[in-house]
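Residue numbers (our numbering), protein chains in the order written: chain A, -4 to 227; chain B, 535 to 724.
Structural data, given as structure tokens:
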């Protein structure tokens, strides 16, 4: 080499990454060039100084290992809690409330119809026979409301009073309710005319709001009746 | 610790013996600390960062597939941690003060000029000057010189750790050394 050795070649020579031929040529030049020898010398001192940084260590090595392992263990516990226990707990809570909700709606849906089925047998035998005799088209009572009532208005009033709607057509709504509720329904419709009395057939319906309806000897207000509200 | 010993410890950990990880921490704590100390420049922060790295390594052991030496992978995780750390904390060691401005609280970063613990670590004047000049180098050069000249990693491993090509490793090494040498020479230390 006629010129001085480039710094990057000296750098690679110090690191031992030159091939044999390059190393020989470089050493040959160094043997006759004091400038390059000086550069190599200062580079070696630099690398040695950097290497001596290895004296830098953690002061209390044993304590560091203990602290690190302790922190690792606590993170493991937290990891298990957050990854497994909390989602499982959350799922359990959700299932619990879902179960309550399902149970509650199942219980609610049993309301009138289930209650009706339970209560209907409470009617004494003679009362049942009388009601069956007086049924108009398979319902216990039929009322007519003005045409100004839309079907959805009728449904709203029925459901507001706890009745269960069992059939809806363009002309009428059928349902079942506790007798006391049916009286309230009639009150909401503001019936002026009483429904046809059934006195002639052994039954007498009182006016709206009067819960003292006589159908057999059973508890009248707790009895379930079926009805049809027709738009006319 | 040889790579074989590292793999033996890792097998134990995979088998459920998590306490075996203490062996890894003990073996590599100084190396990782030195690397982080050279990059961060503050003893306490470098110490906390070292612990963070070991926790992170433990939690991500499942992603080590054995394609490189464990030590190379460990340095890679450390280098990534350092990059994220720099992004979050910047270069200077700062403390925040709260100051009321027009009735509103503000956070003003000011440089921490309190006596630093690391000033006591390097008693040798030369080493202290070296640390000072090293801290002033561009981050890329500082990282490369730390891995090559302080930790003694071969070029190929450095390329893997830093995710750059071998030729780039060589270029950064010689440019970093050249820059540091000039600075130290200006201070009359080389």
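Glycine included, C-beta positions come from ideal geometry on N, C-alpha and C.
{"Item": "For the segment 613 to 625 of chain B against the segment 583 to 595 of chain B, do three or more pairs of beta-carbon atoms, one drawn from each stretch, fall closer than 8 Å, so that the two count as touching?", "Value": "yes"}
{"Item": "DSSP has residue 221 of chain A in a bridge; who is on the other side?", "Value": "A:171"}
{"Item": "In the structure shown, what three-state DSSP assignment does residue 226 of chain A receive?", "Value": "strand"}
{"Item": "Taking 8 Å as the CB-CB cut-off, is residue 18 of chain A touching chain B?", "Value": "no"}
{"Item": "Taking DSSP as the reference, what is the three-state secondary structure of residue 598 of chain B?", "Value": "coil"}
{"Item": "Would residue 609 of chain B and residue 681 of chain B be called neighbours here (beta carbons separated by less than 8 Å)?", "Value": "yes"}
{"Item": "Hey, is residue 62 of chain A's beta-carbon within less than 8 Å of any beta-carbon in chain B?", "Value": "yes"}
{"Item": "Could you tell me whether the Cβ of residue 610 of chain B comes closer than 8 Å to any Cβ of chain A?", "Value": "no"}
{"Item": "I think residue 678 of chain B touches residue 703 of chain B, with their Cβ atoms under 8 Å apart; what is that distance to the nearest whole Å?", "Value": "7 Å"}
{"Item": "Indicate whether at least one CB of chain A lies closer than 8 Å to the CB of residue 713 of chain B.", "Value": "no"}
{"Item": "On the DSSP bridge list, what partners appear for residue 548 of chain B?", "Value": "None; residue 548 of chain B has no bridge partner."}
{"Item": "Taking only heavy atoms of the ligand SAH into account, decide whether any of them is closer than 7 Å to the Cβ of residue 708 of chain B.", "Value": "Inclusion of the ligand SAH in the displayed structure is not the case, the ligand content being empty and no account of it being possible."}
{"Item": "Could you spell out the range, first to last residue, of the beta strand (DSSP E) harbouring residue 138 of chain A?", "Value": "136 to 140"}
{"Item": "Output, in chain order, the set of chain A residues within a Cβ distance shorter than 8 Å of residue 585 of chain B.", "Value": "59, 62, 63 and 66"}
{"Item": "In three-state terms, what does DSSP make of residue 587 of chain B?", "Value": "helix"}
{"Item": "Three or more C-beta pairs closer than 8 Å, one from the segment 593 to 604 of chain B and one from the segment 535 to 542 of chain B: is that the case here?", "Value": "yes"}
{"Item": "Could you have a look at residue 164 of chain A and say whether DSSP puts it in helix, strand or coil?", "Value": "coil"}
{"Item": "With a 10 Å radius around its C-beta and 16 neighbouring C-beta atoms as the bar for buried, classify residue 708 of chain B as buried or exposed.", "Value": "buried"}
{"Item": "Report yes or no: do the segment 29 to 45 of chain A and the segment -3 to 13 of chain A share at least 3 C-beta pairs separated by less than 8 Å?", "Value": "yes"}
{"Item": "Could you check the C-alpha separation between residue 698 of chain B and residue 23 of chain A for me, to the nearest Å?", "Value": "33 Å"}
{"Item": "Between residue 24 of chain A and chain B, is the shortest Cβ-Cβ distance under 8 Å, so that the two count as touching?", "Value": "no"}
{"Item": "Which two residues bound the contiguous alpha helix (DSSP H) that contains residue 693 of chain B?", "Value": "689 to 696"}
{"Item": "Answer yes or no: do residue 219 of chain A and residue 173 of chain A have a C-beta to C-beta separation smaller than 8 Å?", "Value": "yes"}
{"Item": "Any C-beta of chain A sitting closer than 8 Å to the C-beta of residue 644 of chain B?", "Value": "Model confidence at residue 644 of chain B stands at a pLDDT of 47, short of 50, so the residue's coordinates are unreliable; what they give is reported in the following sentence. False, the Cβ-Cβ gap to chain A never drops below 8 Å."}
{"Item": "Would you tell me roughly how many angstroms separate the C-alpha atoms of residue 660 of chain B and residue 53 of chain A, rounded to the nearest one?", "Value": "20 Å"}
{"Item": "Report all residues from its chain with a CB closer than 8 Å to the CB of residue 141 of chain A; omit the five preceding and five following residues, and keep chain order.", "Value": "226 and 227"}
{"Item": "Quick check on residue 49 of chain A - is its C-beta less than 8 Å from some C-beta in chain B?", "Value": "yes"}
{"Item": "On a CA-only basis, which of A:-2, A:0, A:6 and A:2 is nearest residue 689 of chain B? Give me that one, please.", "Value": "A:6"}
{"Item": "Is it true that the CB of residue 556 of chain B sits closer than 8 Å to the CB of residue 570 of chain B?", "Value": "no"}
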